[in-house]
Amino acid sequence: MKCVIGKEALIAGLQMVQNVVASRTTLPILGNALLVAENGKLTISTTDLDMGIRASIACEVIKPGTTTLPAKRLFSIIRELPAVELTLEVNDENQATIRAASSYFKILGLPSEDFPAFPKTEGARQFKMTQGTFRDMLRRTAYAISNDESRYVLNGVFLSFHDTKLTMVATDGRRLALVEHEMEFAKGNETDAILPTKAVNELQRILGQEEPLTISLSDNQIAFDLGETFLVSKLVEGKYPNYKQVIPPEAKDRIIIERELLLNATRRVSLLSNDKTNSIRLSFSQNNLDIMSNTPEVGEAKESIPVNYKGKEFSIAFNPTYLQDPLRHIDSDEIFFDFIDELSPGVIKYSKPFLYVIMPMRTA
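Heads up: the sequence shown begins at 1185 in the numbering used here, then just goes up one per residue.
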C-alpha cells in the first residue's frame, strides 16, 4: 500500500473518526484505525464494537492496499508534520512509513483481517432527509436525555417513524423534549428505535446542512450515510415509555414571552440558587412576570419582565437549568408558555412542531 495525501485532508479524516476509537480495551485492534487505499481515495474506519465510523478522503493511490494503524498515535504524528503533503507506505508486515519533507516515521500496525467488519445495510428500512434537518431535531431534544444508567431505555433519543413523520423524543423523567418532521416513507417502513447517547453526540458533531442523509434501520442497528462519512451504531434495547402520557391536556393559560429575555433573566436569577434548593420561582400577575430566587444562606435575586397576561396571579417553581435548556436550543424570538396550575407541568412551544414539558418543583 502506498499513497500521497495532503496533511490537512488526512487530519480532517482522522478527526472525523478518532472519537470512536476504544480507549480502554483488551482487544488491541480496537485502538487502531482501518486504512484502505483504492480508487483515488483513502478510507479510514474506527469502531468500539457499539459504534463504527468511516470517512473517505481523496488522495493519490500509487499502490492499493489495506492495513490498521494506532489511531491516536497516527493523528499525533500527522498533526506535527512540517510539510503540506506526505507519503504513506505500508509493507506486507503492516509496517508503515510516513515521509513528509525531512520527517520520517515508522510505526507498526496490525493485519486488516483482524478489524471487525461493519454490518451490512441491505434489506434495512431506509429514510431520507437533509443532514441539517436531522441535526436540528437532535439539537432541540438531546439535552433532555437521561444519564441515569439504571434507566437505560432513557439513555438516548426515541425515533418514531409513523404517519408520514419522524417524531423524536428525549426525557429524563423530569422534563421531556419532542420535535416532529413531516417526511415521506413507505407505510411498511413504520418503526421505532432508541438511538444511544454516544451516537447522538457524534451525529451532532459530524452532520452538515443541506447535504443528503440516508438512515438505514434494522432491528438492532442504525446506520447514517452522509456521503463521504458513514456511521453505524447499535440501538438501545428495550421499550421506550409511553411519552404521550406525560404531555398535559389543553392548557388553561398561554403566555407569550420573548425567548431571549426569559433566558437571560433566568440565567441571572439562578446565580443565587444553590445545589440544595436549585429552583427559581416564576410569579405571574397582570402583564408582568417576576423571576425570583431565594436561598437563605446565599441571598436572593429578582427580575421582572413584561408579558401579555390577564389571568389570576399564580406562582410556579422550576429547576433553572431545565428551564434554560430549551430556550438555548430553539431559534424563535417568542415562545408560548402553557400552564394548567401551580402543581401541573408547564409546556413550552413555539412556531415549529416542538414541545417541551417541564415538571414543577415543590418548594416550602
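Backbone N, C-alpha and C fix where the C-beta goes; we use that ideal spot for every residue, glycine too.
Quick check: the Cα distance between residue i and residue j, rounded to an integer number of angstroms?
i, j, result
"S1499", "T1450", "15 angstroms"
"L1419", "E1487", "44 angstroms"
"M1152", "Y1424", "No statement about residue 1152 is possible, as the shown extent of the chain runs from 1185 to 1548 and does not include it."
"G1190", "L1272", "11 angstroms"
"F1342", "C1187", "42 angstroms"
"F1299", "E1244", "24 angstroms"
"R1257", "I1291", "9 angstroms"
"Q1393", "P1266", "33 angstroms"
"N1478", "R1546", "14 angstroms"
"G1530", "L1507", "10 angstroms"
"A1280", "F1259", "14 angstroms"
"R1512", "Q1388", "16 angstroms"
"S1516", "L1415", "31 angstroms"
"V1491", "R1438", "11 angstroms"
Is residue i helix, strand or coil when you go by DSSP?
i, result
"A1255", "helix"
"D1376", "strand"
"K1371", "helix"
"D1509", "helix"
"Q1405", "strand"
"M1545", "coil"
"G1422", "coil"
"F1299", "coil"
"I1431", "coil"
"L1270", "strand"
"E1192", "helix"
"A1285", "coil"
"Y1336", "helix"
"V1204", "helix"
"E1264", "helix"
"D1320", "helix"
"A1277", "Rather than Ala, the amino acid found at residue 1277 in this sequence is Glu. Coil."
"T1381", "helix"
Which residue wins for smallest C-alpha separation from residue i, given the options the options?
i, options, result
"L1211", "L1294, T1250, Y1288, V1274", "L1294"
"T1209", "Q1199, D1234, S1334, F1502", "D1234"
"F1369", "F1311, E1497, R1283, I1542", "F1311"
"V1268", "S1287, N1448, F1538", "S1287"
"G1215", "P1254, V1482, K1225", "P1254"
"E1386", "G1495, A1485, R1263, Q1202", "Q1202"
"Y1327", "I1514, M1545, F1521, S1469", "I1514"
"E1306", "Y1534, G1316, Q1405, N1223", "Q1405"
"S1334", "M1313, D1356, D1347, R1319", "D1356"
"P1504", "I1542, E1481, V1491", "I1542"
"K1533", "N1458, M1476, I1440, I1237", "I1440"
Within its chain, find whatever has a CB closer than 7 angstroms to the CB of residue i; leave out the 5 residues flanking it on each side and keep chain order.
i, result
"I1524", "P1432, A1435, K1436"
"K1349", "E1364, H1365, E1366, M1367"
"E1412", "A1239, S1240"
"R1263", "I1195"
Please work out which residues of its chain come closer than 6 angstroms, Cβ to Cβ, to residue i, disregarding the five sequence neighbours upstream and downstream, and give them in chain order.
i, result
"A1308", "S1400, L1401, S1402"
"V1353", "F1342, L1362, Y1427"
"F1157", "Residue 1157 is absent from the structure shown; the chain starts at 1185 and stops at 1548."
Please work out which residues of its chain come closer than 8 angstroms, Cβ to Cβ, to residue i, disregarding the five sequence neighbours upstream and downstream, and give them in chain order.
i, result
"P1544", "I1500, A1501, F1502, E1526, L1527, S1528, P1529, G1530"
"S1469", "Y1493, E1497"
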